[in-house]
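The structure under discussion appears below in the form of structure tokens.
Numbering (full-length UniProt numbering), first residue to last: 1 to 373.
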């Protein structure tokens with residue numbers, strides 16, 4: 001369909017077309033026609049001598065969403081998404097207009113089912129966790145036999161299906177932390193906190209999985225990471241939720257560069273790109289000399305980013321030793337590009353002490369302008 005054709009189809013005409021081709025409604029609420037779909041799966045209908053349009057496009061006009069439809073016409077940036085994963089469907093409640101990239105992502109949960117058992121529901125679609133996106137409409141599958149070790153009799157009534165936009169059951173990775181209370185998290189942290197390093201890192205005696213300590217919660221039948229539990233214990237569940245799920249755009253960053261640490265003061269939630277930038281100062285040391293501190297981490301200069309927590313090293317000025325008298329000869333100017341003695345980048349300044357720097361500045365200070373330069 002092009003914009004010229006869509007302008008000729010009135011809302012009344014569109015409604016009449018839908019009614020004439022709406023032959024059945026599936027259990028999932030999809031509207032389908034007996035007309036055979038085209039190879040791509042869409043049902044096309046004739047609106048003129050030589051013009052065919054998709055019923056799903058007509059549905060948007062009938063639903064008074066012509067402006068949304070026009071965004072998709074002649075554009076490679078937007079598409080009509082079937083959140084029921086059924087291209088034959090033309091129920092306007094199952095249609096959303098969104099970016100082509102988002103449209104492609106919806107295929108990740110195609111063929112999955114919403115699982116419901118007793119008071120528990122698991123919705124495998126993660127799309128509703130992103131702002132302005134709707135969860136996909138999936139078939140509901142009721143599980144049985146999950147009431148072992150219980151005196152409760154199963155209800156004969158089917159549990160209600162979860163709301164389609166319910167983000168509380170976003171995905172299994174996020175859901176498993178919903179059942180962990182603040183008190184429970186604090187008890188677990190205190191139980192597994194075995195060592196505190198000189199840098200303030202909390203470590204456990206648990207075996208690490210990919211560098212992270214995991215604790216098995218038998219009653220909940222899940223494994224939880226101690227860094228994640230520490231955020232819950234620090235009353236930062238909202239932050240944690242942003243970093244959960246395979247499609248999350250955020251990560252938990254360890255300011256101390258120690259992934260086995262679960263001190264909440266060493267953990268922040270930030271974008272994955274910022275998380276990767278933190279590797280720039282890994283292995284470096286804060287230098288302190290004559291009351292002057294040099295912190296090699298530049299991340300704190302960026303708004304909303306924290307400096308990394310690095311080990312501190314006290315260094316002695318080369319002329320501060322009582323047994324060594326300062327030379328009366330001029331200190332030779334170091335060759336900053338001498339690769340045999342210094343490294344490239346910021347490291348080449350690490351070998352210049354405050355005294356050397358002051359002498360260099362004094363020697364080359366020839367004039368002071370009215371502006372103070």
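By construction, the Cβ of each residue, glycine as well, lies at the ideal position given by its N, Cα and C atoms.
Residue i versus residue j: straight-line alpha-carbon distance, rounded
{"i": "residue 107", "j": "residue 85", "result": "8 Å"}
{"i": "residue 372", "j": "residue 197", "result": "47 Å"}
{"i": "residue 361", "j": "residue 208", "result": "51 Å"}
{"i": "residue 36", "j": "residue 62", "result": "22 Å"}
{"i": "residue 237", "j": "residue 186", "result": "13 Å"}
{"i": "residue 252", "j": "residue 230", "result": "11 Å"}
{"i": "residue 367", "j": "residue 358", "result": "16 Å"}
{"i": "residue 183", "j": "residue 262", "result": "16 Å"}
{"i": "residue 295", "j": "residue 284", "result": "9 Å"}
{"i": "residue 287", "j": "residue 275", "result": "24 Å"}
{"i": "residue 139", "j": "residue 82", "result": "14 Å"}
{"i": "residue 179", "j": "residue 311", "result": "37 Å"}
{"i": "residue 267", "j": "residue 212", "result": "13 Å"}
{"i": "residue 243", "j": "residue 20", "result": "48 Å"}
{"i": "residue 200", "j": "residue 193", "result": "12 Å"}
{"i": "residue 313", "j": "residue 293", "result": "10 Å"}
Nearest-angstrom beta carbon gap, residue j and residue i [assumed within contact, 8 Å]
{"i": "residue 54", "j": "residue 44", "result": "6 Å"}
{"i": "residue 47", "j": "residue 68", "result": "With a Cβ gap of about 19 Å, residue 47 and residue 68 do not count as contacting."}
{"i": "residue 56", "j": "residue 90", "result": "5 Å"}
{"i": "residue 297", "j": "residue 354", "result": "At roughly 20 Å, the Cβ-Cβ gap does not stay under 8 Å, so residue 297 and residue 354 are not in contact."}
{"i": "residue 125", "j": "residue 135", "result": "5 Å"}
{"i": "residue 39", "j": "residue 60", "result": "Contact doesn't hold; Cβ gap of about 22 Å is too wide."}
Assigned secondary structure, residue i (DSSP; H/G/I helix, E/B strand, else coil)
{"i": "residue 95", "result": "strand"}
{"i": "residue 46", "result": "strand"}
{"i": "residue 126", "result": "coil"}
{"i": "residue 373", "result": "coil"}
{"i": "residue 107", "result": "helix"}
{"i": "residue 164", "result": "Caution applies to residue 164, whose pLDDT of 38 falls short of 50 and renders its modelled position unreliable; the model cannot decide the point."}
{"i": "residue 289", "result": "strand"}
{"i": "residue 267", "result": "strand"}
{"i": "residue 72", "result": "helix"}
{"i": "residue 306", "result": "coil"}
{"i": "residue 86", "result": "coil"}
{"i": "residue 362", "result": "helix"}
{"i": "residue 260", "result": "coil"}
{"i": "residue 66", "result": "helix"}
{"i": "residue 356", "result": "helix"}
{"i": "residue 277", "result": "helix"}
Residues that residue i bridges to, as DSSP identifies them
{"i": "residue 52", "result": "46"}
{"i": "residue 140", "result": "114"}
{"i": "residue 24", "result": "32"}
{"i": "residue 313", "result": "287"}
{"i": "residue 78", "result": "99"}
{"i": "residue 253", "result": "268"}
{"i": "residue 294", "result": "287"}
{"i": "residue 121", "result": "116"}
Cβ of residue i within 9 Å of any chain D Cβ
{"i": "residue 310", "result": "No chain D is part of this structure, which consists of one protein chain only."}
| task | Just list the beta strand (DSSP E) runs in the region 175–243, keeping only unbroken ones of 3 residues or longer that don't cross its boundaries, in chain order. | result | For secondary structure counted as the beta strand (DSSP E) over 3 or more consecutive residues, the region 175–243 holds these complete runs in sequence order: 212–217, 222–225.
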